[in-house]
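Okay, so here's the structure we're looking at.
Protein chains in written order, with the working numbering: chain W, 1 to 348; chain S, 1001 to 1284.
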């Protein structure tokens, strides 16, 4: 897949607004055909980064290179990138076909080829029957597909998606995610998507770039990121996590009055010990922690337990397999294996 | 079906006010225009269509109506050409500069039309600023006649009315999704194309209201044509004034007013209808 690992390069990009640094010395290499998600809470700089790549925001420092060409000072209309906007930004006074034709007219394509490409694009997003509709006559999902088709019809080297699912309801969002992933694979188009939705990032991206206060907190394949968070922020932003802060001697970690095992090779000293809720189990003997269930929530395919323990509240999930589970108020023991814990040195 | 009477009650005070101070005077004006004129005595008793017949047959009135319509047309066009880009530039400014520029654009509305027009008179007069400067520079030997010309009247009236166009288009621009402009740019449209193909069509409703306001105000403008056009270049409003207060021919003045009203109504309603059909898509 990755024929060119540095197809789209962001080199030490920085953008400052009056008081805040929105993007802080950010460098990122994106391979040809790769699907990268910029993920993070609002204000982390992900949208500003995308806007700089698109050419709508000028960086204060750093460079943007596409296939070796410096785009940093190229105006947006000469970059040729395909962009899907959060609110879709369809031209309200043009039909679907006219929306699609716009980019081709800017490229001075002939009528025959324009019509062919429009037909292809409509087929790509399953909207063949809607060519003559106006955007306001379409549903949210259809608008989103028109926006996608309009961005793809110019055959851009890079597709930029700004929270493309933001305005869709949950069910439709899931369908569109699957469709988008399949389309991106089929076309092999280099894609950068901005989202604050961790499940969207995990399910769509080849690589997730987790951002915090203008910097990259961690990046990697979705599974990697989830299993090996490099800190408190990564572990809590991606999925749920129980974090025990204490002092480690390399084998055990002292958390308040409790000693918990850690995997071999863990760093000593002040550490955070991270255990995912799905890795914890109820145990009647050899329990590492004792606690009382304060809440039990049914979430369809699993149950979420909130357990009060001497070292704070802990979350545990159990799959909904039909087996009897402890009820609210009951005393339980908690168990996990040292390998289920991830220990990270806490920097002061 | 049970009709809720409350809205009617709520609307009735304003409706009565309109009836008393707008509809009733209009009807009385119309009535007045059908009375004969008795020289020396003023309004006579009886019914006549002679004033309308005069307006229909006398070239003197044709010229005045023609001039009024031409003036309104050129003023409206001028306001469109200046006001639309002006509103666009305003909307693209940073908030601080926008606030300053808005004051500059709308400030003149706080000053009396007469004062603004006299300002133009000072500029355009044969002893005015422009002529003196040009002569001092040696570019001309004798003053150019600018006062009491049709062009001067048009220019001054554009200046007086352009803020209304800016306001109307501005209101439309506020509703524009700025992302559509970015989308157009991302698809390869340079700024001028973005303006022509994405901005302009979306602000047609604002341009339409601006055109209707400016046309109606230009056709009924009195002070500016009176000062800049003088006695020579009469328009319908100045003629009405002269008939009422100079010749004391109230019925003829009333007939002039009624015809002007009808013409303005026909033109504005016609324009409105045509534009709403032509750009149906941007009117929901």
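Beta carbons: idealized from backbone N, C-alpha and C, even for Gly.
Is residue i close to chain W, meaning its C-beta is less than 9 Å from at least one C-beta of that chain?
i: residue 1089 of chain S; result: no
i: residue 1054 of chain S; result: no
i: residue 1097 of chain S; result: no
i: residue 1197 of chain S; result: yes
i: residue 1281 of chain S; result: yes
i: residue 1242 of chain S; result: no
i: residue 1193 of chain S; result: yes
i: residue 1206 of chain S; result: no
i: residue 1141 of chain S; result: no
i: residue 1094 of chain S; result: no
i: residue 1171 of chain S; result: no
i: residue 1044 of chain S; result: no
i: residue 1186 of chain S; result: yes
i: residue 1182 of chain S; result: yes
i: residue 1202 of chain S; result: yes
Shorter than 9 Å from the beta carbon of residue i to some beta carbon of chain S?
i: residue 52 of chain W; result: no
i: residue 91 of chain W; result: yes
i: residue 172 of chain W; result: no
i: residue 282 of chain W; result: no
i: residue 216 of chain W; result: no
i: residue 81 of chain W; result: yes
i: residue 118 of chain W; result: no
i: residue 1 of chain W; result: In this predicted model, residue 1 of chain W has a pLDDT of only 46, less than 50, meaning its place in the structure is not dependable; the value taken from the coordinates is given anyway. For residue 1 of chain W, the answer is no, since every Cβ of chain S falls outside 9 Å of its Cβ.
i: residue 168 of chain W; result: no
i: residue 134 of chain W; result: yes
i: residue 140 of chain W; result: no
Which residues bound the alpha helix (DSSP H) around residue i?
i: residue 15 of chain W; result: First-last for residue 15 of chain W: 8-16, but that is the beta strand (DSSP E), not the alpha helix (DSSP H).
i: residue 175 of chain W; result: 170-187
i: residue 1267 of chain S; result: 1250-1278
i: residue 1020 of chain S; result: Looking at the DSSP string, residue 1020 of chain S is not in any alpha helix (DSSP H), and its letter there is neither H nor E.
i: residue 1237 of chain S; result: 1236-1241
i: residue 1135 of chain S; result: 1129-1136
i: residue 1069 of chain S; result: 1059-1092
i: residue 998 of chain S; result: Given a span of 1001 to 1284 for chain S in the structure shown, any question on residue 998 of chain S remains unanswerable.
i: residue 52 of chain W; result: 46-54
Thinking just about the alpha-carbon of each residue, which of the options is nearest to the one in residue i?
i: residue 99 of chain W; options: W/86, W/118, W/112, W/109; result: W/118
i: residue 302 of chain W; options: W/285, W/282, W/278, W/138; result: W/278
i: residue 1252 of chain S; options: S/1147, S/1035, S/1131; result: S/1035
i: residue 1166 of chain S; options: S/1089, S/1191, S/1093, S/1137; result: S/1089
i: residue 1281 of chain S; options: W/241, W/187, W/148, W/93; result: W/93
i: residue 1202 of chain S; options: W/330, W/90, W/55; result: W/90
i: residue 1109 of chain S; options: S/1155, S/1134, S/1163; result: S/1163
i: residue 1043 of chain S; options: S/1156, S/1254, S/1275; result: S/1254
i: residue 1144 of chain S; options: S/1153, S/1150, S/1134; result: S/1134
i: residue 1248 of chain S; options: S/1079, S/1037, S/1119; result: S/1037
i: residue 217 of chain W; options: W/24, W/11, W/20; result: W/24
i: residue 154 of chain W; options: W/121, W/20, W/137; result: W/121
i: residue 296 of chain W; options: W/263, W/285, W/332; result: W/332
i: residue 1259 of chain S; options: S/1276, S/1224, S/1220, S/1273; result: S/1220
i: residue 1085 of chain S; options: S/1261, S/1273, S/1199, S/1023; result: S/1199
What are the start and end residues of the beta strand (DSSP E) that includes residue i?
i: residue 242 of chain W; result: 242-248
i: residue 37 of chain W; result: 35-39
i: residue 356 of chain W; result: One cannot answer for residue 356 of chain W here, as it falls past the ends of chain W, which runs 1 to 348.
i: residue 1203 of chain S; result: Premise fails: residue 1203 of chain S is in no beta strand (DSSP E) and is neither H nor E.
i: residue 332 of chain W; result: 331-335
i: residue 83 of chain W; result: 82-84
i: residue 216 of chain W; result: 215-220
i: residue 282 of chain W; result: 281-283
Apply the 10 Å Cβ neighbour rule to residue i and answer buried if 16 or more other Cβ atoms are within range, or exposed otherwise.
i: residue 341 of chain W; result: buried
i: residue 289 of chain W; result: buried
i: residue 254 of chain W; result: exposed
i: residue 348 of chain W; result: Because the pLDDT of residue 348 of chain W is 47, which lies under 50, any placement of that residue in the model is unreliable, and the question is left without a value.
i: residue 2 of chain W; result: Any reading at residue 2 of chain W must be qualified, since the residue scores a pLDDT of 46, below 50, and its modelled position is unreliable; no value is offered.
i: residue 320 of chain W; result: exposed
i: residue 160 of chain W; result: buried
i: residue 1266 of chain S; result: exposed
i: residue 1185 of chain S; result: buried
i: residue 1139 of chain S; result: exposed
i: residue 163 of chain W; result: buried
In terms of DSSP beta bridges, what is residue i paired with?
i: residue 1141 of chain S; result: DSSP output for residue 1141 of chain S lists no bridge partner at all.
i: residue 308 of chain W; result: W/292, W/313
i: residue 273 of chain W; result: W/244, W/343
i: residue 64 of chain W; result: W/10
i: residue 319 of chain W; result: W/302
i: residue 1213 of chain S; result: Its beta-bridge partners do not exist; DSSP assigns none.
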